[in-house]
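Trainee:
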Amino acid sequence: MNLPQQVAKHFREVYLGDNWTDVNLKDSLAGVDWELATTQIYSCNTIATLLFHMNYYVSRVLPVFKGQPFDAHDNNAFDHPPVKNQEDWDNLQKKVFADAEAFASEVEKLPESKFGEIFVSEKYGNYYRNIQGIVEHNHYHLGQIVLLKKIIGQLE
């Protein structure tokens, strides 16, 4: 398996499983309805907000793979449309998983040499750093989702 395939596999495992942590987004969101996803606990972000945030960078890097400009701003990374019902929640999840698969597919298409190239600007480092950074970032927030789900379950 070459580097692009391995990195894409690692990325997919965050979403679908079979990774070292034995935790994945698909299983972790099972049984989470829109009300649970939007439950505010303490001063933490909601599960819905974290899911949107996880996808924010995926959805902003994806166009770069297709030759489009990078348009991401950290101050917008948590600003999502309101989740007011189950349909909104289902649509958010569908978008997240569709974007994830599109992202992984684009990573697989990259020539291995691309991973060492500068990503958009030197301040961002290379492609490998950015792609692997998204994997790490999403694992981090996946952990938060798992904890929030457990805490909210204990409070009910």
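If you read the sequence shown in the numbering used here, its first letter stands for residue 1161, the second for the next number, and so on.
Beta carbons are placed, not taken as given, at the ideal position from N, Cα and C, and that holds for glycine.
Note that the structure is predicted; figures quoted are calculated from it, not measured.
Whole angstroms are fine: how far does the CA of Leu1176 sit from the CA of Asp1231?
Mentor: So the two alpha carbons sit approximately 27 Å from each other.
Trainee: Could you check how far apart the C-beta atoms of Ile1294 and Val1221 are, in whole angstroms? I think they sit under 8 Å.
Mentor: Rounded, the Cβ-Cβ distance is 7 Å, consistent with contact.
Trainee: Whose CA, out of Val1218, Lys1244, Lys1226 and Asn1245, lies closest to the CA of Asp1234?
Mentor: Minimum Cα distance to Asp1234 is reached at Val1218.
Trainee: With a threshold of 16 other CB atoms inside 10 Å of the CB of Ile1278, please say whether the residue is buried or exposed.
Mentor: By the 10 Å Cβ count, Ile1278 comes out exposed.
Trainee: Ignoring anything shorter than 4 residues, give me the alpha helix (DSSP H) runs that lie fully in the segment 1234-1290, in order along the chain.
Mentor: Counting whole runs of 4 or more residues, the segment 1234-1290 contains the alpha helix (DSSP H) stretches 1246-1269.
Trainee: Mapping the DSSP letters down to three states, classify Gln1304 as helix, strand or coil.
Mentor: Three-state DSSP puts Gln1304 in a helix.
Trainee: By the 10 Å Cβ neighbour count, where 16 or more other Cβ atoms means buried, how is Asn1298 classified, buried or exposed?
Mentor: When all chains shown are included, Asn1298 counts as buried.
Trainee: Beta carbon of Ala1168, beta carbon of Val1280: below 8 Å?
Mentor: Not closer than 8 Å, so no.
Trainee: Counting along the chain, where does the alpha helix (DSSP H) carrying Tyr1216 start and finish?
Mentor: That run of the alpha helix (DSSP H) goes Ile1207 to Phe1225.
Trainee: With DSSP collapsed to three states, give me the class of Phe1171.
Mentor: Here Phe1171 sits in helix by DSSP.
Trainee: For Thr1181, count the other beta carbons within 10 Å of its own beta carbon; 16 or more makes it buried, fewer makes it exposed. Which is it?
Mentor: By the 10 Å Cβ count, Thr1181 comes out exposed.
Trainee: For Pro1229, does the three-state DSSP call read helix, strand or coil?
Mentor: Coil at Pro1229, not helix or strand.
Trainee: When burial is assigned at 16 or more other CB atoms within 10 Å of the CB, is Pro1242 buried or exposed?
Mentor: Exposed, by the Cβ-count rule.
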